[in-house]
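Colleague: Input: one structure, supplied below.
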Ligand SMILES: *Cc1c(COP(=O)(O)O)cnc(C)c1O
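Residue numbers (our numbering): 11 to 333.
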């Protein structure tokens with residue numbers, strides 16, 4: 011049925027699937043569970059590790075010697091790309107937006123320890139800096155391979171089709187799967203995997219960055235590409251993709267009280283740590299949807315933890331002052 015693209019082993023799979031009974035009780039339903047992709051295991055883990063199993067295999071098949079990608083200063087994707095490069099004996103160059111901060115901590119500290127070369131954009135257009143840096147590395151003979159933003163092309167996203175297969179094999183059915191969605195690869199892979207492997211859960215991305223219309227369009231396009239890549243061509247219209255963009259607040263990485271409250275609730279009922287930028291926002295959205303009745307008390311809901319926890323340490327001040 012499905013054709014499996016080349017893959018190298020980077021992640022600890024299957025990730026645990028755990029019930030959240032104290033949190034479910036505190037909320038008076040629904041029945042909540044968590045899928046622990048914060049435990050994929052590569053340099054503190056996260057969802058990008060699954061994608062990088064395919065992206066790195068593809069880079070190696072093209073004889074790359076250096077991985078290059080871009081992101082925010084606290085990018086989880088960049089940190090996991092730097093670690094994946096090392097596991098394959100490759101170098102890594104990261105184009106990070108903005109100016110180098112005074113305090114090197116969280117993901118940026120890990121990038122440094124992993125020996126990634128960091129190029130700051132200093133306010134220039136990140137894609138221009140990325141292209142210029144790529145060309146320079148190529149001229150220098152470093153054999154660069156571009157890893158797409160968020161690891162979100164069809165090759166990276168197909169990892170989440172197989173993650174849905176992994177979930178199905180764990181034998182717990184859910185009415186809904188809720189998680190943080192941003193560059194769209196995670197959601198696209200899930201949508202394609204749900205069709206390919208037969209999973210009827212509603213796949214609900216809580217947007218962390220773009221508005222619903224743009225994210226639906228990105229996810230639908232990528233999901234169609236993933237299904238073609240896996241030998242099950244299907245066309246996903248944007249309105250078949252479920253996205254909620256009610257929790258964007260003041261933008262990417264800007265905390266309100268939503269994220270710290272959700273982080274404390276999960277931590278104090280379950281000993282489970284979320285991150286400030288992605289899973290904290292998605293969990294805050296989930297709580298709001300439960301409290302407003304849009305997610306029913308009698309449902310079984312899976313919160314898919316996508317990682318990001320090193321970011322907690324870079325947001326200490328905001329976490330303490332906003333809750
Ligand atoms: C990148 C990231 C996401 C979003 O995944 P996409 O595939 O980019 O939509 C969610 N959570 C965390 C922790 C991430 O690092």
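Glycine is no exception: its CB is placed at the ideal position from the N, C-alpha and C atoms.
Taking 8 Å as the cut-off, decide whether the C-beta atoms of residue 59 and residue 90 are in contact.
Modeller: Yes.
Colleague: Look up residue 29 in the DSSP assignment and give the residues it is bridged to.
Modeller: Answer by DSSP bridge pairing, in chain order: 43.
Colleague: Please list, in chain order, all residues of the same chain as residue 176 whose beta carbon is under 7 Å from its beta carbon, the five residues on each side excluded.
Modeller: Around residue 176: 23 and 24.
Colleague: Given 7 Å as the limit, tell me if residue 226 has its C-beta closer than that to any heavy atom belonging to ligand 1.
Modeller: No.
Colleague: Which residues in the same chain as residue 17 place their Cβ atom closer than 7 Å to its Cβ, once the five residues preceding and following it in sequence are excluded?
Modeller: Closer than 7 Å at the Cβ level, and outside the excluded window around residue 17, lie 63, 64 and 67.
Colleague: Looking at residue 84 and ligand 1, is the gap between the Cβ and the nearest heavy atom below 7 Å?
Modeller: Answer for residue 84: no, Cβ out of range of ligand 1.
Colleague: With distances taken Cα to Cα, identify the nearest neighbour of residue 210 among 187, 197 and 221.
Modeller: That would be 187, whose Cα lies nearest to the Cα of residue 210.
Colleague: Over what stretch of residues does the beta strand (DSSP E) that includes residue 189 continue unbroken?
Modeller: Unbroken beta strand (DSSP E) run through residue 189: 186-191.
Colleague: Assign residue 78 to buried or exposed, taking buried as 16 or more other Cβ atoms, counted over all protein chains shown, within 10 Å of its Cβ.
Modeller: Buried is the call here.
Colleague: On the three-state DSSP scale, how would you describe residue 401?
Modeller: With the chain running from 11 to 333 in the structure shown, residue 401 is simply not present.
Colleague: So, are the CB atoms of residue 105 and residue 131 less than 8 Å apart?
Modeller: It is a contact, given that the beta carbons lie within the stated cut-off.
Colleague: Using CA atoms only, rank isn't needed, just tell me which of 36, 288 and 80 is closest to residue 142.
Modeller: Of 36, 288 and 80, the residue nearest in Cα terms is 80.
Colleague: Between which two residues does the beta strand (DSSP E) carrying residue 195 extend?
Modeller: Run containing residue 195: none in the beta strand (DSSP E); it sits in the alpha helix (DSSP H), 195-207.
Colleague: Are residue 292 and residue 174 closer than 8 Å when you measure CB to CB?
Modeller: No, these two residues do not count as a Cβ contact at 8 Å.
Colleague: Who are the near neighbours of residue 75 in its chain, counting only those whose CB is closer than 7 Å to its CB and skipping five residues on each side?
Modeller: Closer than 7 Å at the Cβ level, and outside the excluded window around residue 75, lie 100, 101, 152 and 153.
Colleague: Would you kindly check if the distance between the Cβ of residue 320 and the Cβ of residue 117 is under 8 Å?
Modeller: Cβ distance < 8 Å, so residue 117 and residue 320 count as in contact.
Colleague: Short check: CB of residue 124 to CB of residue 53, under 8 Å?
Modeller: Result yes, Cβ atoms of residue 124 and residue 53 sit closer than 8 Å.
Colleague: Could you check whether the Cβ of residue 163 sits closer than 7 Å to any heavy atom belonging to ligand 1?
Modeller: Every heavy atom of ligand 1 is 7 Å or more from the Cβ of residue 163, so no.
Colleague: Quick one: is the Cβ of residue 196 within less than 7 Å of any heavy atom of ligand 1?
Modeller: Residue 196 Cβ: within cutoff of ligand 1.
Colleague: According to DSSP, what are the bridge partners of residue 213?
Modeller: Residue 213 is bridged to 187.
Colleague: Taking all protein chains shown into account, do 16 or more other C-beta atoms lie within 10 angstroms of the C-beta of residue 48, making it buried, or fewer, making it exposed?
Modeller: So residue 48 ends up on the buried side.
Colleague: At the level of alpha carbons, what is the spacing between residue 144 and residue 156?
Modeller: Straight-line Cα distance between these residues: approximately 8 Å.
Colleague: Which residue marks the beginning of the beta strand (DSSP E) containing residue 311, and which one marks its end?
Modeller: From DSSP, the beta strand (DSSP E) with residue 311 extends over 310-315.
Colleague: To the nearest angstrom, how far is it from the Cα of residue 299 to the Cα of residue 148?
Modeller: Cα to Cα, residue 299 sits roughly 48 Å from residue 148.
Colleague: My understanding is that residue 310 touches residue 184, with C-beta atoms under 8 Å, so please give their C-beta distance in whole angstroms.
Modeller: Confirmed, Cβ separation roughly 5 Å.
Colleague: Around the Cβ of residue 138, are there at least 16 other Cβ atoms within 10 angstroms (buried) or fewer (exposed)?
Modeller: Per the 10 Å Cβ criterion, exposed.
Colleague: Between residue 198 and residue 332, what straight-line distance do the alpha-carbon atoms span, to the nearest angstrom?
Modeller: Their backbone Cα atoms lie some 33 Å apart in a straight line.
Colleague: Label residue 194 either buried or exposed according to how many other C-beta atoms from any shown protein chain fall within 10 Å of its C-beta, with 16 as the threshold for buried.
Modeller: Its Cβ being crowded by 16 or more others within 10 Å, residue 194 is buried.
Colleague: Using only alpha-carbon positions, find the residue among 275, 189, 111 and 119 that is nearest to residue 315.
Modeller: When each option's Cα is compared against that of residue 315, the closest is 189.
Colleague: When you compare only the Cα positions, how much space is there between residue 45 and residue 29?
Modeller: Spanning the two alpha carbons is a distance of roughly 9 Å.
Colleague: Find the nearest neighbour of residue 121 within the set 135, 244, 93 and 259, judged by alpha-carbon distance.
Modeller: It is 93.
Colleague: Can you give the Cα-Cα distance for residue 55 and residue 119, rounded to whole angstroms?
Modeller: So the alpha carbons of these two residues sit roughly 15 Å apart.
Colleague: What are the boundary residues of the beta strand (DSSP E) that includes residue 218?
Modeller: Neither: residue 218 is in no beta strand (DSSP E) and is coded neither H nor E.
Colleague: Whole-angstrom Cβ separation of residue 275 and residue 33, contact assumed at under 8 Å?
Modeller: Correct: roughly 7 Å between the Cβ atoms.
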